[in-house]
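The number in my numbering is simply the position in the sequence shown, starting from 1, with 5 added.
This report refers to the structure that appears directly beneath it.
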Amino acid sequence: MANLQIGKHIARYPVIQGGMGVRISGGSLAGHVALCGGIGIVATAGLAMNSPLFTGRNYFQADPAALKEELKKAYSIAPDGIIGVNVMVALSDFEALVRASVEGGAKLLICGAGLPMTLPELTSDAPDVALVPIVSSVRAAQLIAKKWHRGTGRLPDAVVVEDPDTAGGHLGEKLENIGSGIYDQYKTVREVKNFMKSEYGVNIPVIAAGGIWDRPDILNALAQGADGVQMASRFVPTVECDASESFKKAYIDCSKEDIGLIMSPAGLPGRALVANLEDIMEYDRANSPACSTGCLKKCTYKESGERFCIVKALDRAQRGDVRTGLIFCGTNAYRAERIETVQEVFDELFQAQEDEAAA
Ligand SMILES: Cc1cc2nc3c(=O)[nH]c(=O)nc-3n(C[C@H](O)[C@H](O)[C@H](O)COP(=O)(O)O)c2cc1C
């Protein structure tokens with residue numbers, strides 16, 4: 006397996022740790038993944054929530070400040086590592102978080118949950134920061150590349166193709182299409198790769214995300230045309246993951262049937278453990294009648310109190326309340342058997358390669 010070069014940054018292994026919002030991938034997980042030779046990603050969504058900087062009323066001040074703290078933590082673990090930030094376009098403070106990422110030393114920006122059309126302008130003073138959109142269709146990749154190229158001459162440094170049939174968290178596909186069999190992850194990977202080559206003459210890395218758990222999954226992704234993989238769920242049951250022990254244990258204890266789809270108040274489907282959905286909504290009916298942060302640009306909870314507050318539900322789970330908290334996960338979460346260190350995960354994924362090289 007080759008190294009993974011994105012922009013100017015070269016990772017030893019072709020693995021990006023997927024950003025996991027509301028403090029599942031904070032500075033600890035991102036730092037340890039980077040230390041082991043992957044690309045570590047701090048997710049920005051809801052970072053303020055479990056931060057000492059958040060007073061309950063200063064969400065939009067605390068959020069970028071909390072991000073810089075997490076980046077500092079990640080770099081204290083892996084001073085020379087490749088550490089990036091995942092910023093969802095759907096967040097109300099998208100622009101502020103992009104700025105804070107650059108100021109905090111992020112080497113990559115990975116942006117999905119919407120099309121990051123303004124990313125090159127927002128980062129024009131930081132040309133070494135690699136820009137990586139997340140898409141689920143070749144059409145989305147085309148729209149982004151055309152807009153960036155026309156506006157600034159910039160192209161994506163890599164593209165993550167996220168498979169709505171397997172990935173965790175918010176998904177970029179209509180609910181009724183997910184699991185219908187119409188989606189082909191690796192066809193989309195190859196189409197994005199071919200489009201960038203034929204339209205712009207560039208060979209940028211295209212990264213497959215969703216459903217990748219072990220070494221055979223990585224080898225399959227590479228054989229099917231991907232240049233690397235983005236793995237999220239696999240890194241949840243690790244010692245260094247920033248989630249509570251109960252969150253990690255929920256992965257270990259769950260079965261395939263516990264994993265399902267919800268409709269998020271953000272207007273997107275999401276994949277999660279679904280058995281406690283009624284408890285999540287009941288919690289909000291009883292305890293938090295109104296939106297207090299405005300964290301998402303569009304949110305049915307903010308606008309009409311419909312469903313539940315997703316950032317608070319994710320935050321409760323992150324802190325260990327897995328009864329009324331929401332646990333996002335990919336379809337593979339049931340494969341978790343024990344809590345490992347990030348190094349053990351990397352050993353399992355790449356030790357055979359190291360042994361071969363040494364022989
Ligand atoms: C707990 C959890 C939280 C997630 N949060 C985010 C997020 O904040 N932003 C984002 O772009 N993707 C998010 N994702 C998606 C992952 O980054 C990743 O692309 C996807 O889960 C890959 O599939 P896998 O979990 O099967 O490896 C999340 C996934 C999980 C499991």
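Even for Gly, the Cβ is constructed at its ideal location relative to N, Cα and C.
Predicted model, so just to flag it, every value in this text is computed and none were measured.
Contact between the region 212-226 and the region 14-29 is present, with at least three C-beta pairs closer than 8 angstroms. The beta carbons of proline 121 and arginine 159 sit no closer together than 8 angstroms. Straight-line spacing of the CA atoms in leucine 34 and methionine 236 works out to 12 angstroms. Cβ atoms of valine 137 and leucine 114 come within 8 angstroms of each other, at about 7 angstroms. Straight across, the Cα-Cα distance linking valine 166 with serine 142 is about 7 angstroms. Counting C-beta pairs closer than 8 angstroms gives three or more between the region 49-59 and the region 311-325, which meets the contact rule. Proline 121 sits in coil when the DSSP states are folded into three classes, being neither helix nor strand. The DSSP-derived three-state label of methionine 268 is strand.
Sixteen is the threshold: when 16 or more other Cβ atoms of the shown chains lie within 10 Å of the Cβ of alanine 338, as they do, the residue is buried. The region 301-314 and the region 260-270 touch, with no fewer than 3 CB-CB distances between them shorter than 8 angstroms.
If you draw a 10 Å sphere on the C-beta of aspartate 133, you find fewer than 16 other C-beta atoms in it, and that means exposed. Rounded to whole angstroms, the gap between the alpha carbons of glutamine 190 and threonine 60 is 42 angstroms.
In the three-state reduction of the DSSP assignment, alanine 280 falls in the coil class, being assigned neither a helical nor a strand state. Following the DSSP letters along the chain, one finds isoleucine 257 inside the alpha helix (DSSP H) bounded by residues 250-258. For the pair alanine 277 and cysteine 314, the CB atoms are not nearer than the 8 angstroms cut-off.
Residue Glu178 holds the alpha-carbon nearest to the alpha-carbon of alanine 145 among Glu178, Ala255, Leu9, Arg155. Residue burial annotation: glycine 186 is exposed, with fewer than 16 other C-beta atoms found within 10 angstroms of its C-beta.
Residue side-chain check: isoleucine 29 places its Cβ nearer than 7 angstroms to a non-hydrogen atom of ligand 1. In the structure shown, glycine 173 adopts coil according to DSSP, grouped into three states. In summary, lysine 77 is exposed, with fewer than 16 beta-carbon neighbours lying within 10 Å of its beta-carbon over all protein chains present. Annotation for lysine 202: Asn208 place their beta carbon closer than 7 angstroms to its own, counting only its chain and skipping 5 residues before and after. For arginine 312, the closest of Thr336, Arg343, Arg195, Pro274 by C-alpha to C-alpha distance is Pro274. For the pair of segments examined, the region 96-107 was found to touch the region 65-75: the number of CB pairs separated by less than 8 angstroms reaches three.
Note that the C-beta distance between valine 327 and phenylalanine 252 is below 8 angstroms.
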